[in-house]
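Under my numbering, think of the first position of the sequence shown as 1335, with each following residue one higher. A quick write-up on the structure given underneath.
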Amino acid sequence: MFKKLYFKFELLRAYLRKNIGFLFLGLILGSAASYFGPSVIKIINAQRLQTEVIGVNGLYTVNKLPPEIANLISFGLTISQDNGKTIISPLVKSWQLDSTNTVYTFNLNDYYWQSGKKFTAYDVNYNFTGSKIQVTSDNVLKITTEKPFSPLLSLVDKPLLKKDLTGLGPFMVTDVTYQDSYIKSLYLKSRVKGIPDKAFHFYPSEKELISAYKMGKIDIIDQIDDPQDLENWPKTEITPDLNYNRYIALFINTSKIKDKKLRQALAYATPKPVDKKDEYGFHRE
1335 MFKKLYFKFE
1345 LLRAYLRKNI
1355 GFLFLGLILG
1365 SAASYFGPSV
1375 IKIINAQRLQ
1385 TEVIGVNGLY
1395 TVNKLPPEIA
1405 NLISFGLTIS
1415 QDNGKTIISP
1425 LVKSWQLDST
1435 NTVYTFNLND
1445 YYWQSGKKFT
1455 AYDVNYNFTG
1465 SKIQVTSDNV
1475 LKITTEKPFS
1485 PLLSLVDKPL
1495 LKKDLTGLGP
1505 FMVTDVTYQD
1515 SYIKSLYLKS
1525 RVKGIPDKAF
1535 HFYPSEKELI
1545 SAYKMGKIDI
1555 IDQIDDPQDL
1565 ENWPKTEITP
1575 DLNYNRYIAL
1585 FINTSKIKDK
1595 KLRQALAYAT
1605 PKPVDKKDEY
1615 GFHRE
């Protein structure tokens, strides 16, 4: 009996002597996992939750991104807001219009591309018919139109982007995947503390977009025309959004309405938008 116990003891001691290093390392790793594991899991989950996974309906290329995405990556000289107002962007310190209402002068702020290179007036690459861009210094840009053209200020809201999608805005492109030359997914990293990253996934049809949402592939649908299929879907909130960039024009053949008084009555009865603009149609705040 004693010999058997002695034999087992010697066998255990030999095993420990041979594997003491591995056992000690396992003890350390196990203790570390028990102590730090919950904190690491919380960090991973927090990082995962900091990315908004958004579905977009439509096929787009790098040169033609949806405005709502391009505006996250960069700025134009102006910003067109959801309420229809236009204000100067962070790139512009001030602007002036000369007495002929044809020369727009933009004084630029000191700003930097996401690559770290300084932004200058030479980086502005707008090309509008009937206008000419002149750079007078790194921080001064002039746009001259052939005749007074107040809508120009709403045209220079197009975000300025490099070919590799380097921009000037609060989000930086970190990865792009393609399918048949169209963007399949686009990942944006937030440059602002407390603002989550964004991952956009593109679908060729609204039906596929809704299907991806129901399968849990995306958390948010950017815009759909008919959300009826999701009205009763669990944990889903639908928020109506009035798009000011879409219009419906109705042209009436007035030759069929002979009575001048009736035509005037229709004109007076049509609601007219009331908005405060300056004499050039530009909103200031």
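Heads up, the beta-carbon is just placed ideally off N, CA and C, and yes, glycines get one too. Nothing here was measured: the structure is a model prediction, and the numbers come from that model.
Item, Value
"Backbone secondary structure at Tyr1445 - three-state DSSP", "strand"
"Helix, strand or coil at Ala1599 according to DSSP, with G and I counted as helix", "helix"
"Terminal residues of the alpha helix (DSSP H) in which Ala1546 lies", "Glu1540 to Lys1548"
"Identity of the residue in Gln1562, Asp1563 and Ile1544 nearest Ile1554 by Cα", "Ile1544"
"Assigned secondary structure, Ser1414 (DSSP; H/G/I helix, E/B strand, else coil)", "strand"
"Secondary structure of Glu1402, DSSP reduced to three states", "helix"
"DSSP-derived helix/strand/coil call for Asn1379", "Summary for Asn1379: the model assigns pLDDT 48, below 50, so the residue's position carries little reliability; its value from the coordinates is reported in the next sentence. Three-state DSSP puts Asn1379 in a helix."
"Burial state of Ser1423 (16 or more Cβ within 10 Å)", "buried"
"Assigned exposure category for Thr1412 - 16 Cβ within 10 Å defines buried", "buried"
"Backbone CA spacing between Ile1517 and Leu1600 [nearest angstrom]", "47 angstroms"
"Local conformation of Thr1604 per DSSP, three classes", "coil"
"Best match in Glu1480, Phe1453, Lys1451 and Lys1569 for proximity to Phe1462 [C-alpha to C-alpha]", "Glu1480"
"Opening and closing residue of the beta strand (DSSP E) in which Ser1471 lies", "Ser1465 to Ser1471"
"Range covered by the alpha helix (DSSP H) that runs through Ser1515", "Neither: Ser1515 is in no alpha helix (DSSP H) and is coded neither H nor E."
"Nearest to Tyr1547 (by Cα), restricted to the options Val1526, Ser1524, Asp1531 and Glu1571", "Glu1571"
"Host alpha helix (DSSP H) of Leu1486 (start-end)", "Leu1486 to Leu1489"
"Buried or exposed by the 16-neighbour rule on C-beta atoms within 10 Å, applied to Val1507", "buried"
"Same chain only: Cβ atoms within 6 angstroms of Ile1314, ignoring 5 sequence neighbours per side", "Nothing about residue 1314 can be reported from this structure: the residues present for the chain run from 1335 to 1619 only."
"Cβ pair Leu1431, Ser1465 closer than 8 angstroms", "no"
"Delimiting residues of the beta strand (DSSP E) encompassing Ser1428", "Val1426 to Leu1431"
"Inter-residue spacing [alpha-carbon to alpha-carbon] between Tyr1445 and Gly1503", "10 angstroms"
"Burial state of Asp1491 (16 or more Cβ within 10 Å)", "buried"
"Thr1420 CB to nearest heavy atom of the ligand ATP below 7 angstroms", "This structure lacks the ligand ATP, and indeed carries no ligand of any kind."
"Minimum C-alpha distance to Gly1392 - residue among Lys1541, Thr1439 and Tyr1438", "Lys1541"
"Cut-off 7 angstroms between Cβ atoms - residues of its own chain near Thr1436, not counting five sequence neighbours on either side", "Thr1478, Thr1479, Lys1481 and Pro1482"
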